[in-house]
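Engineer:
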Amino acid sequence: MTPEREAKIQRVLNHRQPDLALVMENVADPHNISAVMRTCDAVGLQEIYVLNNIISRHKKFGKKSSASAAGWLTIHEYENTEECMAAVKKRYSKVYATHLGVESHSLYDLNMAESIALVFGNEHAGVTEECLRHCDGNFIIPQVGMVQSLNISVACAVTLYEAYRQRQVAGFYNGTPRLPQAEWNSLANKWGLYDEQG
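Each residue of the sequence shown is one higher than the one before, starting from 500 at the first, in the numbering used here.
(1) What does the alpha-carbon distance come out to for the pair Y672 and K507?
(2) Taking contact to mean at least 3 C-beta pairs separated by less than 8 Å, is the segment 592 to 603 in contact with the segment 572 to 583?
(3) Is N497 helix, strand or coil by DSSP?
(4) How is L519 classed by DSSP in three states: helix, strand or coil?
(5) If you measure between the beta carbons of I615 and Y591, is that distance less than 8 Å?
(6) Given a cut-off of 8 Å on the beta-carbon distance, is the pair V549 and Y660 in contact?
(7) Using a Cβ-Cβ cut-off of 8 Å (strictly less than) and excluding sequence neighbours within five positions of Y693, which residues of its own chain qualify?
(8) Using 10 angstroms around the beta-carbon of D540, count the other beta-carbons present and answer buried if the total reaches 16, otherwise exposed.
(9) Using the DSSP secondary-structure output, state which residues sit across from S605 in a beta bridge.
(10) Start and end of the alpha helix (DSSP H) containing L686?
(11) Can you give me the C-alpha to C-alpha distance between G561 and E682, rounded to a whole angstrom?
(12) Out of G674, N650 and A662, point me to the one whose CA is closest to D528's CA.
(13) Could you tell me which of F638, E613, W690 and Q680 sits nearest to R664, measuring between CA atoms?
(14) Could you give the distance in angstroms between the alpha-carbon of F505 and the alpha-carbon of G674?
(15) Can you find the residues in the same chain that come closer than 6 Å, C-beta to C-beta, to K589, ignoring five residues on each side of it along the sequence?
(16) Just to confirm the assignment: which complete alpha helix (DSSP H) runs, minimum length 4, are found wholly within the segment 627 to 674?
(17) Helix, strand or coil: how does DSSP classify I615 here?
(18) Identify whether T573 lies in helix, strand or coil by the three-state DSSP scheme.
(19) Just to check my reading of the structure: C634 and Y607 have Cβ atoms closer than 8 Å, yes? What is that Cβ distance to the nearest angstrom?
And the structure:
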């Protein structure tokens, strides 16, 4: 491993956000999943929860692709909504779902500098009612066009980059590690940093 590669791994770990997560519920298209994972990696998100309570569990997350971000993320898979959301709520203070409803808030009104998990649903049906019951609220991405929806990978990108913006303002990307030391070390080992350094 080159010194440049070592420095990059350390820099990536130092920007990981332990209090920001994403839940994908019944997202079917592998291309959407891969695109979402690339965005997660890009903004320093480490934890993804994949809930498939209607569709079948995915076999793999595109690890054959050199562009895949799956190998750099921690992916938790569930088939039971209660179990998945209990695990999410145990770790994150707030859980918000993308859902067009009367009580929905604008994305830009959310405080995403706090401990938060964001739920995105199936491409056609959205987030299930069962999952919504476990959320603290709903949010929408403001739009002024005729079609009131975005592709899930686009919606995730817009949302996560708003989280990135808020967290950057809060100083969360200043290079000071935010991951607990044990988790930082575990990921560094998994990514080969300690193997190379001995």
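For glycine and all other residues, C-beta sits at the position ideal for the given N, C-alpha and C.
Structural biologist: Quick answer:
(1) Cα to Cα, the separation comes out at about 14 Å.
(2) Counting Cβ pairs under 8 Å, fewer than three are found: no touch.
(3) Within the shown structure, residues of the chain are numbered from 500 to 697, placing residue 497 beyond reach of any answer.
(4) In this structure, L519 counts as strand in the three-state DSSP scheme.
(5) At a Cβ-Cβ threshold of 8 Å, I615 and Y591 count as neighbours.
(6) Cβ atoms of V549 and Y660: not closer than 8 Å.
(7) Taking C-beta separations shorter than 8 Å and ignoring five residues to either side along the sequence, the partners of Y693 in its chain run N684 and A687, following chain order.
(8) Counting the other Cβ atoms within 10 Å of the Cβ of D540 gives 16 or more, which makes it buried.
(9) Per DSSP, I639.
(10) Residues Q680 to K689.
(11) Note that G561 scores 48 on pLDDT, short of 50, meaning its location in the model is unreliable and no value can be drawn from it.
(12) The shortest Cα separation from D528 among G674, N650 and A662 belongs to N650.
(13) Of the listed residues, the one whose Cα sits closest to R664 is E613.
(14) According to the sequence shown, residue 505 is Glu rather than Phe. Taking the straight line joining both Cα atoms gives about 15 Å.
(15) For K589, same chain residues with a beta-carbon under 6 Å away, outside a window of 5 residues either side, do not exist.
(16) DSSP runs (the alpha helix (DSSP H)) wholly in the segment 627 to 674: 628 to 631 and 651 to 668.
(17) The answer is strand: DSSP assigns I615 an E or B state.
(18) Collapsing the DSSP output to three states places T573 in a strand.
(19) No, C634 and Y607 are not in contact; Cβ-Cβ is about 18 Å, not under 8 Å.
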